[in-house]
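A.B. asks: Quick one: the structure is below, and I'll ask about it shortly.
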Amino acid sequence: MNKLEHLTPDPDFNWEAFEQGTTAIHEDREADLAKYEATLANIKEKEVVIGHIVDIVPRPPKAAREFIISIGSKSTGSVAASEFKYNPDYKIGDEVEVYVDNLEDREGHLVLSHRMARAERAWERISEAAERDEIIIGYIKSRTKGGMVVDIFGVDAFLPGSQIDVRPIRDYDALLDKTMEFKIVKLNAEQHNVVVSHKVLIEAELEQQKKEIISKLEKGQVLEGVVKNIMPFGVFVDLGGVDGLIHITDLSWRRVSSPNEVVELDQKINVVILDFDEDKTRISLGLKQLTPNPWDALDKNLKPGDIIKGKVEMVSDYGAFVEVAPGIEGLIHVSEMSWTQHLRSAYDFIKVGEEVEAVILSIEPEERKMSLGLKQLKPDPWIDIEEKYPVGSRHTARVRNFTHFGVFVELEEGVDGLIHLSDLTWTKRIKHPSEFTEIDAELEVVVLEIDKENRRLSLGHKQTEENPWDVFETIFTEGSVHEGMVVSFTDKGAIVSLPYGVEGFTTQKHLTKEDGSKLQVDEKAPFKVIEFSKENRRIFVSHLRVYDDAKREEERKRKDEQDKAEAKVQQQVSAQKVEKATLGDLSALAELKEKLD
């Protein structure tokens, strides 16, 4: 039985009105449904629409925020707050673009994405911003090699480190998660490559400041600046958009080995304008000029010849700088450190930090120059050189240096002399002094000549002995034969060691032995003196002539004996002819006499 059959109808119920009301409700419902379906008809999946932020709520379990977005449909969608990092100022009621990924998920909610919506619109907006040279907002999301990654309309753009600021960036991490203004400086939509710059915005502002600063620049003007960069040669200072250079010599009146001793990065300092070019693009600055010049306080009574004390601040090969007063230095050249003419490095005479006394050689306060000397504290050894080392006097010297033409020796500090190769030995021919002596060896010398004006001494070593060539002249007479040994070969011949330590010279031809071979080094043989020259200390010898001349002499003797024998025979033949002729004549006369009779 139907469950409603037991119900009894109310006789007073107005069924007509009920039916009319029911019809009206149904019609309103149909109208609302039509409107709703019309709304859904306008929203499609996979497209970008405008929505409104209706709420911002945390999301468990980490309480990350979500933005509740309404797009005018039957339900709302939620978008993670991380998609709005580039603009944290979004609030309830703001319009935002969202991408409708799905009209209804399993729970009946819209699936929306703000990031995808921005990506859809991004390249269009980026192209428009690039064409119009617009300033855009970007969110620095991470670091990368050489710069930062910036979120621009949902697209990752590259921000080079050189385009972040006009000053070098030392802490890139401090920029992370920051929102900044940028301009697009490079765009390649096909390769999805976008390069942005924040520096160009700063430069535009600084350019105006720079023009104002440059227009007011004057020499001697004092400005405040910030140390922008430190280099070995100086310091670059930012004067508010204009850079100037403080050379290392203009940092302090005292000697500065590194600018870091005076200033540090990002330090605010006052500087004075020293000079600038016509275009005012190169500005020279000074820091020490803001303090009194110590040369102005220098004792006016100081003069050349005065002895002054100081501390060695710097040493180089050519000399040493000595601080004689705060901010005042004098130079001791290496040539003024010792009377010796063999100039060495200044390091051999003086050390950094050493307290020294020196003689003022010259002083020029206007030029901020002072020349000092150390050797002037000792007497000049050349003043009485002729009395200490007269010509012909004999002394002991130390070998200091070699040249290809002789040996430099030192008699005492500051007194050097030269022994020419030809004055080293009477008997040997020397190509280089190292064949005869060595550095630091002691040699006996005789003073041959003095040139006081040019500080030169001509010395000789062989003169310490008698000239043996006076004796050699009587021993090595031309034609005499002596035992010798081949010592070495030269381009033109060979050197032969002869008795009494003397050497002779011969050519290859005269080294020929009797069997046709040649004499070799260390081979002994008799040599005949062919030529002797006392003036040139030269003896020319020959082994070939020893046996060759003997053969010639023997041949000559044999020929003489043969000539004598032939002459004797001829005399005998002539005598026989005379004898025969005489006897014949007598016989003829006898016959003639007989006929006459």
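Under the UniProt record's numbering, think of the first position of the sequence shown as 1, with each following residue one higher.
Glycine is no exception: its CB is placed at the ideal position from the N, C-alpha and C atoms.
Note that the coordinates shown come from a computational prediction; the quantities given were computed from them, not determined experimentally.
Looking at Phe527 and Val496, is the spacing between their C-beta atoms short of 7 Å?
C.D. replies: As a working note, residue 496 is residue 496 in the sequence shown. As a working note, residue 527 is residue 527 in the sequence shown. Yes, they are a contact pair.
A.B. asks: Taking the alpha-carbon positions, what's the Leu374 to Val391 distance?
C.D. replies: Counted from its first residue, the sequence shown places residue 374 at position 374. Counted from its first residue, the sequence shown places residue 391 at position 391. Their backbone Cα atoms lie some 30 Å apart in a straight line.
A.B. asks: Let me know the secondary structure DSSP gives Pro58 once reduced to three states.
C.D. replies: Stepping through the sequence shown from its first residue, residue 58 is reached at position 58. Strand at Pro58.
A.B. asks: What do you get for Leu290, buried or exposed, if any count of 16 or more other CB atoms within 10 angstroms of its CB means buried?
C.D. replies: By one-based count along the sequence shown, residue 290 stands at place 290. Flag for Leu290 reads exposed.
A.B. asks: Nearest to Glu453 by alpha carbon, out of Met148, Asp384, Ala525 and Arg552?
C.D. replies: Here residue 453 refers to the residue found at position 453 when the sequence shown is read from its first residue. It is Asp384.
A.B. asks: Following the continuous beta strand (DSSP E) through Met231, name the residue where it begins and the one where it ends.
C.D. replies: Looking up residue 231 in the sequence shown gives position 231. Segment Val222 to Met231, the beta strand (DSSP E) holding Met231.
A.B. asks: Buried or exposed: which applies to Arg537, given that a residue is buried once 16 or more other Cβ atoms fall within 10 Å of its Cβ?
C.D. replies: Working through the sequence shown from its first residue, we reach residue 537 at position 537. Buried, because 16 or more other Cβ atoms sit within 10 Å of the Cβ of Arg537.
A.B. asks: Tell me whether Glu190 sits in a helix, a strand or coil according to DSSP, three-state version.
C.D. replies: Taking the sequence shown and counting its residues from 1, the one referred to as residue 190 is at position 190. Three-state result, Glu190: coil.
A.B. asks: Going by the DSSP bridge assignment, what does Asp451 pair with across the sheet?
C.D. replies: For the purposes of this step, residue 451 is taken as residue 451 along the sequence shown, with counting starting at 1. Answer by DSSP bridge pairing, in chain order: Arg456.
A.B. asks: To the nearest angstrom, how far is it from the Cα of Arg282 to the Cα of Asp151?
C.D. replies: Position 282 of the sequence shown, counting from 1, holds the residue named residue 282. Position 151 of the sequence shown, counting from 1, holds the residue named residue 151. Each residue's Cα considered, the two are about 38 Å apart.
A.B. asks: Is the distance from the Cβ of Ile136 to the Cβ of Ala129 below 7 Å?
C.D. replies: If you number the sequence shown from 1, residue 136 lands on position 136. If you number the sequence shown from 1, residue 129 lands on position 129. Yes. Within cutoff.
A.B. asks: Starting from Lys216, trace the beta strand (DSSP E) in both directions and tell me its first and last residue.
C.D. replies: For the purposes of this step, residue 216 is identified with residue 216 of the sequence shown, where counting begins at 1. Careful: Lys216 lies outside any beta strand (DSSP E) and carries neither H nor E.
A.B. asks: My guess is that Val155 and Ala204 are in contact by the Cβ rule of under 8 Å, so how many angstroms apart are they, rounded?
C.D. replies: Within the sequence shown, numbered from 1, the residue matching residue 155 stands at position 155. Within the sequence shown, numbered from 1, the residue matching residue 204 stands at position 204. In fact, because the Cβ distance is near 24 Å, the residues do not count as touching under 8 Å.
A.B. asks: Nearest by alpha-carbon distance to Gly504: which of Gly493, Ile164, Val322 and Gln221 is it?
C.D. replies: Along the sequence shown, one-based indexing puts residue 504 at 504. Checking every option, the nearest Cα to that of Gly504 belongs to Gly493.
A.B. asks: Label Gln163 either buried or exposed according to how many other C-beta atoms from any shown protein chain fall within 10 Å of its C-beta, with 16 as the threshold for buried.
C.D. replies: Indexing the sequence shown from 1 puts residue 163 at position 163. Counting Cβ neighbours within 10 Å, Gln163 comes out buried, since at least 16 surround it.
A.B. asks: If you compare alpha carbons, which of Gly353, Val54 and Leu285 is closest to Asp277?
C.D. replies: The sequence position of residue 277 within the sequence shown is 277, counting from 1. That would be Leu285, whose Cα lies nearest to the Cα of Asp277.
A.B. asks: Can the beta-carbon of Tyr90 be found less than 7 Å from the beta-carbon of Ser113?
C.D. replies: Counting from 1 along the sequence shown, the entry for residue 90 is found at position 90. Counting from 1 along the sequence shown, the entry for residue 113 is found at position 113. Not in contact: Tyr90 and Ser113 (Cβ atoms no closer than 7 Å).
A.B. asks: Could you give the first and the last residue of the continuous beta strand (DSSP E) run that contains Phe349?
C.D. replies: Position 349 of the sequence shown, counted from the start, is the residue given in the question as residue 349. Per DSSP, Phe349 belongs to no beta strand (DSSP E) and is neither H nor E.
A.B. asks: When DSSP labels each residue in this structure, what does Arg538 get in the three-state scheme?
C.D. replies: If you number the sequence shown from 1, residue 538 lands on position 538. Correct three-state label for Arg538: strand.
A.B. asks: Assuming Leu418 contacts Phe436 (C-beta within less than 8 Å), just tell me the rounded distance between them.
C.D. replies: On the sequence shown, residue 418 is found 418 positions in, with the first residue counted as 1. On the sequence shown, residue 436 is found 436 positions in, with the first residue counted as 1. Not a contact, Cβ separation roughly 14 Å.
A.B. asks: So the candidates are Ile214, Arg254 and Leu302; which of them puts its Cα closest to the Cα of Leu239?
C.D. replies: On the sequence shown, position 239 is the one that residue 239 refers to. Among Ile214, Arg254 and Leu302, the Cα nearest to that of Leu239 belongs to Ile214.
A.B. asks: DSSP puts Ser517 in a beta bridge; with which residues?
C.D. replies: Translated into positions along the sequence shown, residue 517 becomes position 517. DSSP lists no partner for Ser517.
A.B. asks: In angstroms, rounded to a whole number, what distance separates the CA positions of Met148 and Tyr139?
C.D. replies: For the purposes of this step, residue 148 is taken as the residue at position 148 of the sequence shown. For the purposes of this step, residue 139 is taken as the residue at position 139 of the sequence shown. One C-alpha to the other measures close to 10 Å.
A.B. asks: Taking all protein chains shown into account, do 16 or more other C-beta atoms lie within 10 angstroms of the C-beta of Asp250, making it buried, or fewer, making it exposed?
C.D. replies: Within the sequence shown, numbered from 1, the residue matching residue 250 stands at position 250. Asp250 comes out buried.
A.B. asks: Could you tell me if Ser393 is buried or exposed, where buried requires 16 or more neighbouring beta carbons within 10 angstroms of its beta carbon?
C.D. replies: In the sequence shown, residue 393 corresponds to position 393, counting from 1. The residue in question, Ser393, is exposed, as its Cβ has fewer than 16 Cβ neighbours within 10 Å.
A.B. asks: I want to know whether the stretch 260 to 277 touches the stretch 214 to 234 - three or more CB-CB distances under 8 Å.
C.D. replies: In short, these stretches touch, since the Cβ pair count reaches three.
A.B. asks: State the start and end residues of the unbroken beta strand (DSSP E) segment that holds Thr144.
C.D. replies: Within the sequence shown, numbered from 1, the residue matching residue 144 stands at position 144. It spans Ile136 to Thr144 - the beta strand (DSSP E) in which Thr144 sits, taken as one unbroken run.
A.B. asks: Compare the C-beta of Ile136 with all C-beta atoms of chain C and state if any pair is closer than 7 Å.
C.D. replies: No chain C is present in this structure, which holds just one protein chain.
A.B. asks: Can you tell me whether DSSP reads Thr464 as helix, strand or coil?
C.D. replies: Looking up residue 464 in the sequence shown gives position 464. Helix, per DSSP.
A.B. asks: Rounded to whole angstroms, what is the Cα-Cα separation between Thr340 and Glu449?
C.D. replies: By one-based count along the sequence shown, residue 340 stands at place 340. By one-based count along the sequence shown, residue 449 stands at place 449. Roughly 19 Å separates the two Cα atoms.
A.B. asks: Our contact map puts Val356 next to Ile350 with C-beta atoms below 8 Å; I'd like the distance itself, whole angstroms only.
C.D. replies: Here residue 356 corresponds to residue number 356 of the sequence shown, with the count starting at 1. Here residue 350 corresponds to residue number 350 of the sequence shown, with the count starting at 1. That belief holds up - the Cβ atoms of Val356 and Ile350 are roughly 7 Å apart, short of 8 Å.
A.B. asks: So Glu323 and Glu336 are in contact, right, with Cβ under 8 Å, and what is the actual spacing, rounded?
C.D. replies: Numbered from its first residue, the sequence shown carries residue 323 at position 323. Numbered from its first residue, the sequence shown carries residue 336 at position 336. The pair is not a contact, with the Cβ atoms about 17 Å apart (cut-off 8 Å).
A.B. asks: Considering only the beta carbon of each residue, do Phe402 and Pro379 sit closer than 7 Å?
C.D. replies: Against the sequence shown, residue 402 aligns to sequence position 402. Against the sequence shown, residue 379 aligns to sequence position 379. Not in contact: Phe402 and Pro379 (Cβ atoms no closer than 7 Å).
A.B. asks: For the candidate residues Glu438, Lys210 and Asp451, whose alpha-carbon lies nearest to that of Glu386?
C.D. replies: By one-based count along the sequence shown, residue 386 stands at place 386. Taking only the C-alpha atoms, the option nearest Glu386 is Asp451.
A.B. asks: So, does the stretch 542 to 561 touch the stretch 505 to 517, judging by three or more C-beta pairs under 8 Å?
C.D. replies: Flag = yes, the stretch 542 to 561 and the stretch 505 to 517 touch.
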